[in-house]
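**Q** Each residue of the sequence shown is one higher than the one before, counting from 175 in my numbering.
Backbone N, C-alpha and C define an ideal beta-carbon position, used for all residues, glycine too.
Quick one: the structure is below, questions incoming.
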Amino acid sequence: MRKINIFLIVFAILLITPVFYAFGENEEVKVPVLLYHNIMEKTDGENPLVTITPRVFREHMTALKNAGFEAITFDDFYNYAYNEAALPKKPIIISFDDGYESNYRYTYPILQELGIKATIFIVTETVGAIDGVNYPHFTWDEAKEMTESGLIDIQSHSHSHQDISLLSESEAVREIRLSKYLIETNLDKKCEVFAYPFGSVTDFAAQAVSEAGYKMQCRVGDSGYNIKNAVSQPLRRITVWGSWSADTLLDLINQNLQNGLE
Numbered sequence: 175m176r177k178i179n180i181f182l183i184v185f186a187i188l189l190i191t192p193v194f195y196a197f198g199e200n201e202e203v204k205v206p207v208l209l210y211h212n213i214m215e216k217t218d219g220e221n222p223l224v225t226i227t228p229r230v231f232r233e234h235m236t237a238l239k240n241a242g243f244e245a246i247t248f249d250d251f252y253n254y255a256y257n258e259a260a261l262p263k264k265p266i267i268i269s270f271d272d273g274y275e276s277n278y279r280y281t282y283p284i285l286q287e288l289g290i291k292a293t294i295f296i297v298t299e300t301v302g303a304i305d306g307v308n309y310p311h312f313t314w315d316e317a318k319e320m321t322e323s324g325l326i327d328i329q330s331h332s333h334s335h336q337d338i339s340l341l342s343e344s345e346a347v348r349e350i351r352l353s354k355y356l357i358e359t360n361l362d363k364k365c366e367v368f369a370y371p372f373g374s375v376t377d378f379a380a381q382a383v384s385e386a387g388y389k390m391q392c393r394v395g396d397s398g399y400n401i402k403n404a405v406s407q408p409l410r411r412i413t414v415w416g417s418w419s420a421d422t423l424l425d426l427i428n429q430n431l432q433n434g435l436e
């Protein structure tokens, strides 16, 4: 009788194990993408939608790390979607738009200290610009230094930061292709991700971006997350406000992960 019971137990374990294994294999990985812009010591009178202090940014990154989130690159996400590469349990992508000098002065050292990866989408026409812009932008040499660290990935935010949806087809193609060429030429790396200025996407632009050789595209949705089959579409990004506390940021990320993609 005892032998029969042991046999039944072993048989039941063998029967159930594949079910749990299959569940784990098929479980959908959700990847939120955060969007930051400029970091400033003093943000009084500045728009909190695009500015954050170094202290608050450090608190955000520390809170994400302590909560178990692990920053990945867009390339990591692409390889997960198309090449079945593994992702961490709680993946997240940190991104910056525009290429402000503050990303080199503040963002880069903080990310180095914490060992967190990020992607900076740059406007190639204003690389190194000091005059004629709202805020200074980092140089190609600084971009190369960050890229070579292995923590920062530089990608395209167009050439001159114009609303793609308002341009002629030839102008849109120029914005898309010239920025890619300049990044690849100056940084000796592939440029394969495009972030739309103002988040404006048109059918023509999406096709032109793909035909130019970009593997992924980003918009601004300010809600939701991204799953494997979203890689072929413009990805959602959550714009982070500089007025948010670290706890607020974590709460909003968790709400987005729970509320779905509607």
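Does the distance from the CB of H331 to the CB of F295 come in under 8 Å?
**A** Yes, the Cβ-Cβ distance between H331 and F295 is below 8 Å.
**Q** Excluding sequence positions up to five away, which residues of its chain have a Cβ less than 8 Å from the Cβ of A241?
**A** Counting only Cβ-Cβ distances below 8 Å, and skipping sequence neighbours, we find K264 and L424.
**Q** Give the DSSP bridge partners of A260, in chain order.
**A** The partner list for A260 (beta bridge, DSSP) is empty, contrary to what the question assumes.
**Q** Going by the CB atoms, is the gap between L209 and V394 shorter than 8 Å?
**A** Taking 8 Å as the Cβ cut-off, V394 and L209 qualify as a contacting pair.
**Q** For E202 and Y399, what's the separation of their Cα atoms in angstroms?
**A** Cα to Cα, the separation comes out at about 11 Å.
**Q** By how many angstroms is the C-alpha of E215 removed from the C-alpha of P228?
**A** Their Cα atoms are separated by approximately 6 Å.
**Q** So G373 packs on P222, CB below 8 Å; how close in whole Å?
**A** Not quite, the Cβ-Cβ distance comes to about 18 Å (not below 8 Å), so this is no contact.
**Q** Please classify P371: does DSSP put it in a helix, a strand, or coil?
**A** Helix at P371.
**Q** Nearest by alpha-carbon distance to Q429: which of A260, Y256, N403 and S397 is it?
**A** That would be S397, whose Cα lies nearest to the Cα of Q429.
**Q** Report yes if the CB atom of I326 is closer than 8 Å to the CB atom of A292, and no otherwise.
**A** Going by C-beta atoms, I326 is nearer than 8 Å to A292.
**Q** Taking the alpha carbon of E358 as the reference point, which residue from E345, Y388, L409 and H335 has its own alpha carbon closest?
**A** The shortest C-alpha separation from E358 is found at Y388.
**Q** What is the DSSP secondary structure of E233, reduced to helix, strand or coil?
**A** If DSSP states are grouped into helix, strand and coil, E233 belongs with the helices.
**Q** Between the Cα of I290 and those of R232, V414 and Q336, spot the shortest distance and give me the residue it belongs to.
**A** Comparing Cα positions, the closest option is R232.
**Q** Pop quiz: V367 and F248 are said to be a contact at Cβ under 8 Å. What is the actual Cβ separation, rounded to whole angstroms?
**A** With 8 Å as the limit, V367 and F248 qualify as a contact, their Cβ atoms being about 5 Å apart.
**Q** Count the other CB atoms, across all protein chains shown, that sit within 10 Å of the CB of N212; report buried if there are 16 or more and exposed otherwise.
**A** So N212 counts as buried.
**Q** Thinking L341 and E349 are a contact (beta carbons under 8 Å), I'd like their distance in whole angstroms, please.
**A** L341 to E349, Cβ: 7 Å. Contact.
**Q** Please classify S353 as buried or exposed, where buried requires at least 16 neighbouring CB atoms within 10 angstroms.
**A** Answer is buried; the Cβ neighbour count reaches 16.
**Q** If we require 3 or more residues per run, which beta strand (DSSP E) segments fall completely within the stretch 311-349?
**A** Taking only runs of at least 3 residues, the beta strand (DSSP E) segments lying wholly in the stretch 311-349 are 326-330.
**Q** From the DSSP output, which residues share a beta bridge with Q391?
**A** Its beta-bridge partners are F368.
**Q** Using a threshold of 8 Å, state whether the C-beta atoms of L285 and T236 are closer than that.
**A** It is not a contact, given that the beta carbons lie outside the stated cut-off.
**Q** Quick one: what's got a C-beta closer than 7 Å to A382's C-beta in the same chain, skipping five residues either side?
**A** Here the set comprises A346, V347 and I350.
**Q** My output table needs one value for A245: the three-state DSSP class, helix, strand or coil.
**A** Looking at A245 - three-state DSSP - the assignment turns out to be strand.
**Q** Considering just the uninterrupted stretch of the beta strand (DSSP E) at D271, what are its terminal residues?
**A** D271 -> beta strand (DSSP E) spans P265 to D272.
**Q** Could you tell me which of Q407, S384, G302 and Q432 sits nearest to A255, measuring between CA atoms?
**A** Of Q407, S384, G302 and Q432, the residue nearest in Cα terms is Q407.
**Q** Give the secondary structure of N400 by DSSP, where H, G and I count as helix, E and B as strand, and everything else as coil.
**A** In this structure, N400 counts as strand in the three-state DSSP scheme.
**Q** Would you kindly check if the distance between the Cβ of T313 and the Cβ of G324 is under 8 Å?
**A** No, they are not a contact pair.
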